[in-house]
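Q: Structure in structure tokens, see below.
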Amino acid sequence: MITMVIGVSKEYCDDKQSCQNLLLELKAGSSSLSEIRRRDLLIIVWKNSVRRIDMAMIGVMDDTKQHEEMENDMFGVKEDTNLFEEMMESAKDRMIHSVEELLGGEFPNRGSYENVHTWLSSVLTSYITCIDEIGEGAYKRRVEPKLEDLISRARVALALFISISPRDNTELISVIPNGPSWLFHVDKKDLYLNAEKIADVVVAKDGTGKYSTVNAAIAAAPQHSQKRFIIYIKTGIYDEIVVIENTKPNLTLIGDGQDLTIITCNLSASNVRRTYNTATVASNGNGFIGVDMCFRNTAGPAKGPVVALRVSGDMSVICRCRVEGYQDALYPHSDRQFYRECFITGTVDFICGNAVAVFQFCQIVARQPKMGQSNVITAQSRATKDVKSGFSIQNCNITASSDLDTATVKTYLGRPWRRFSTVAVLQSFIGDLVDPAVWTPWKGETGLSTLHYREYQNRGPGAVTSRRVKWSGFKVMKDPKEATEFTVAKLLDGETWLKESRIPYESGFKKVISGKYHEGLYYLEGTVVKAEKSVPHAENGGKSVIKAVVGVRKKKSRKVTFSVNLIQRTYSIWLWNHQFKVEMNHQQKNQIV
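Okay, so the sequence shown: first residue is 1 according to full-length UniProt numbering, each after it adds one.
Below, the structure written as structure tokens:
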């Protein structure tokens, strides 16, 4: 046992002394641990942590009641107490799921391994969120020792888990499991083109739906359901704060389009103390899907963190949505998330959090910040090397809004919120808004040697890498195999769960063809677009313009990705990773101009 503890702590733990102390504490507590296996020890650590969570919650609640009359800021204490309880419940839930997965008999197949790794990482995220968000004062002094203990235990659990997992991922059995219970019984119909027809409930401002508010419809959704519950939200501006509890998994929200169905509010640090609670829409349920709507926070650039959308549930998907805010506009807080064809705009750290998230074919737009501020697109917060988290921006367009003064405002791709911050920008268009260094520090030298910032086959005026930062944690990737680690298949393990969402995704990479786009026929999921003009490649400084005609299917045609928004009557055409948006000509419906 002693040899195993020392071996695990040396090879896998960041905080080696704490790791050894905790494992030896378990040894002292039971003489039967002398011949224990690492896997069994891991389960003991998890179960011990669940008990510690319960003890912490009871102790803090009792202590808080005794000290309530001494607090000067009772509103802040209540908010902190609610946040503490929410994070502890989330961590406990993830721990229990991890134990069940490990005892399920199928470990270590790839899906099972990725599930447990994600959930244990989420546990640590919950604890760190408490440390970050709870305000300074007597309440924080009471809970901080308990949180530090739980953080140490979560790190040990992650280190133990990594130590029992195959070192080479090829050793994992490549099977697609049934997946967690919240993915069972997903409706196979085309959810996104016939929303009103197949929706369980309809929300409408004009009274034509069952409910007039989004919150009322969510309240009607069943708890702990294994069947998908679909809410169709008709055109309108819904001024409300929406929170989807973790007791409501498998929830789908479908709107009429990102410019037509809008959920908006103006929460900020000035009226809600903690960033976590400023979200206009907050989803804590596993298996959440959001399609064709806008999540907006209008508090403005001077109000500090103003989150438009926070997502904390595992296996969440956001497609064809608009996320509009300023600082911290999009908060992918934890677990696995996928964003497809979204429009995301903000100012400082406007994509921030500790989720493992992939963004494909998204428009990422920096806007004018508060005077004196610089724009930073990502602030990823991976805390340790064992945590499964990171952002991958693949086949996206990174540009400036029309109001951004690029001559006076610097814009960066990212900065490290935590030491092991991980961001990859792959095969994307980077506009001339970015500073040539592209990446910027958070505070001094912190994390510059341990972060993982990567670029791969990008294009556009901001993609020139000759003046990039010289940090040891930054790298321009040349090897496709290395870049593959940041794809849907590898980073998200998306093949085991994304198909159930019915949202299109690229599992790996598309081949990038340099030079010019030539005239010809291009295959579009059963249709053909004829490019009537040559279109210069963005890398060569040419503007991307296409005139195309929809025709019948032809045999010899090149594949491209094609999506259509029937409500807005617009098409999005992707030719070798570059997007061209074109509007349907109502006079000649077989033609796109």
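Don't be surprised by glycine CBs; every beta carbon is placed ideally from N, CA and C.
Everything numeric in this text was worked out from a predicted model, so none of it was measured.
1. Determine the extent of the beta strand (DSSP E) in which V476 is found, giving its start and end residues.
2. Would you decide whether M88 is buried or exposed? Buried here means 16 or more other CB atoms lie within 10 Å of its CB.
3. If we count Cβ pairs, one from each stretch, closer than 8 Å, do we get three or more for the region 426-437 versus the region 391-398?
4. Hey, S381 and S421 are a contact pair by Cβ (cut 8 Å); roughly how many whole angstroms apart?
5. Once the 5 residues before and after T446 are set aside, which same chain residues still bring their CB inside 8 Å of it?
6. Name the DSSP beta bridge partners of R454, please?
7. So the candidates are I131, G207 and R322; which of them puts its Cα closest to the Cα of C362?
8. Please classify N115: is it buried, with 16 or more other beta-carbons within 10 angstroms of its beta-carbon, or exposed?
9. Have a look at Q226 and V409 and give me their C-alpha separation to the nearest angstrom.
10. For G290, which three-state DSSP category applies?
11. Hey, would you say A199 sits closer than 8 Å to I230, going by beta carbons?
12. If I'm right that T280 touches L253 with Cβ under 8 Å, what's the distance once you round it to whole angstroms?
13. For the beta strand (DSSP E) holding I233, just list the boundary residues, first then last.
14. Helix, strand or coil for D349, going by three-state DSSP, please let me know.
15. If you compare alpha carbons, which of A282, F350 and L413 is closest to I218?
16. In chain order, what residues of the same chain lie with their CB nearer than 6 Å to the CB of T465, ignoring the 5 residues before and after it?
17. Quick check: the Cα distance between S212 and V242, rounded to an integer number of angstroms?
18. Can T378 and L433 be called in contact, C-beta distance under 8 Å?
19. Assuming Y238 and V202 form a contact by the criterion Cβ under 8 Å, report the distance between their Cβ atoms to the nearest whole angstrom.
20. Keeping to the same chain, check which residues put their C-beta closer than 8 Å to that of Q360; ignore five residues upstream and five downstream.
21. Please determine, among D206, G209, W471 and L147, the residue with the shortest C-alpha to C-alpha distance to G444.
22. If you draw a straight line from the C-alpha of T406 to the C-alpha of R367, how long is it?
23. Using a Cβ-Cβ cut-off of 6 Å (strictly less than) and excluding sequence neighbours within five positions of A357, which residues of its own chain qualify?
24. On a CA-only basis, which of A329, E324, V317 and C319 is nearest V307? Give me that one, please.
25. Helix, strand or coil for C342, going by three-state DSSP, please let me know.
26. Taking just the CA atoms, how far does R141 sit from S514?
27. What are the boundary residues of the alpha helix (DSSP H) that includes R141?
A: On the basis of the data shown:
1. F474 to V476
2. buried
3. Yes, they touch.
4. 7 Å
5. The beta carbon of T446 sits closer than 8 Å to those of P416 and R419, all from its chain and outside the five residues before and after it, given in chain order.
6. Bridge partners of R454: A424 and K475.
7. R322
8. buried
9. 48 Å
10. strand
11. Annotated as proximal: A199 and I230, with beta-carbon spacing under 8 Å.
12. The C-beta distance from T280 to L253 rounds to 13 Å, too long to meet the 8 Å contact threshold.
13. Where I233 is concerned, the enclosing beta strand (DSSP E) stretches over F229 to I233.
14. Strand, per DSSP.
15. A282 is the residue among A282, F350 and L413 whose C-alpha sits nearest the C-alpha of I218.
16. V476
17. Roughly 13 Å separates the two Cα atoms.
18. no
19. Not really, about 13 Å apart at Cβ, beyond 8 Å.
20. Counting only Cβ-Cβ distances below 8 Å, and skipping sequence neighbours, we find F338, Y339, R340, E341, Q394, N395, C396, V488, Y505 and E506.
21. W471
22. 10 Å
23. P332, Q337 and F391
24. Nearest of A329, E324, V317 and C319 to V307, Cα basis: A329.
25. coil
26. For S514, the pLDDT reaches just 36, beneath the cut-off of 50, and the residue's location in the model is therefore unreliable, leaving the point undetermined.
27. A138 to I164
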